[in-house]
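Quick note on the working numbering: the sequence shown kicks off at 9 and runs consecutively.
All C-beta atoms in this analysis are idealised placements derived from N, C-alpha and C, irrespective of residue type, glycine included.
All values reported here derive from a predicted model rather than from experimental measurement.
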Amino acid sequence: MIDQTRTDPKPRTAPSSAAPTRAPQPVTRRTAPAPLPVPPAAPDWPTRWHLLIPARLRNQLETLGLWQNPVPLIPSDHLTQVTAVLTRYGWGRSLDFSPTGRMCIRGAQTLLERTGHVTPAARARAVDYMQQSLQEHGYHQPFFAWNDHHDRQFQHVSNLLTHAAHAARTNGE
């Protein structure tokens with residue numbers, strides 16, 4: 009048996025030559041990388057009040073603090089939000105708004121402009137980027153005519169909007 013009551017008067021330590029020598033290192037703080045921007049989500053369908061009150065009156069109510077308008081987006085974010093709207097509500101051809109609630113690209117843009125998510129100037133810049141992307145791929149027609157073509161699929165529309173949004177973001181818009 010081992011005697012556990014015995015204690016050594018002198019603690020055992022390693023010789024000083026065996027201990028590693030380290031110079032104190034300055035503490036550096038790492039900054040977290042900038043978070044990726046959150047893509048804009050598709051807004052809820054506007055309420056009846058939102059549809060009935062004219063935009064000019066909504067803007068006046070906002071200055072009085074009685075109404076909260078959304079922050080208008082830049083063209084690149086607007087194009088990303090158009091994709092989100094078409095994904096949420098459904099994409100369609102030939103009609104801006106179908107009876108079932110589906111929309112074409114122009115219908116989604118109209119919804120976002122009427123609800124205050126984009127200004128007419130930013131929407132026009134977004135259309136310019138879409139037209140530029142179509143011309144780069146060999147299509148020389150308005151985007152809404154391209155959208156209505158019978159061979160068009162949602163994947164083509166999504167690719168166009170993504171390419172145009174990337175071009176706008178590259179240009180700082």
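Run the CB neighbour count on residue i, radius 10 Å, all protein chains shown included, and call it buried at 16 or more, exposed below.
i: Thr55; result: exposed
i: Arg64; result: exposed
i: Phe162; result: exposed
i: Gly100; result: buried
i: His157; result: exposed
i: Trp154; result: buried
i: Leu59; result: exposed
i: His125; result: buried
i: Thr178; result: exposed
Mind checking if residue i is an interface residue toward chain B, Cβ cutoff 8 Å exclusive?
i: Met111; result: Looking at the structure shown, chain B is missing, and only one protein chain is on hand.
Just to confirm the assignment, what range does the alpha helix (DSSP H) spanning residue i have?
i: Tyr137; result: 128 to 144
i: Pro83; result: 83 to 97
i: Arg110; result: Arg110 -> no alpha helix (DSSP H), and no H or E assigned at all.
What do you reckon, are the CB atoms on residue i and residue j nearer than 8 Å?
i: Arg96; j: Ala50; result: yes
i: Leu87; j: Tyr137; result: yes
Can you confirm whether the region 122 to 138 touches the region 75 to 83 when touching is taken to mean that 3 or more C-beta pairs between the two stretches lie within less than 8 Å? yes
Could you tell me whether the region 90 to 107 touches the region 115 to 122, using the rule of 3 or more Cβ pairs below 8 Å? yes
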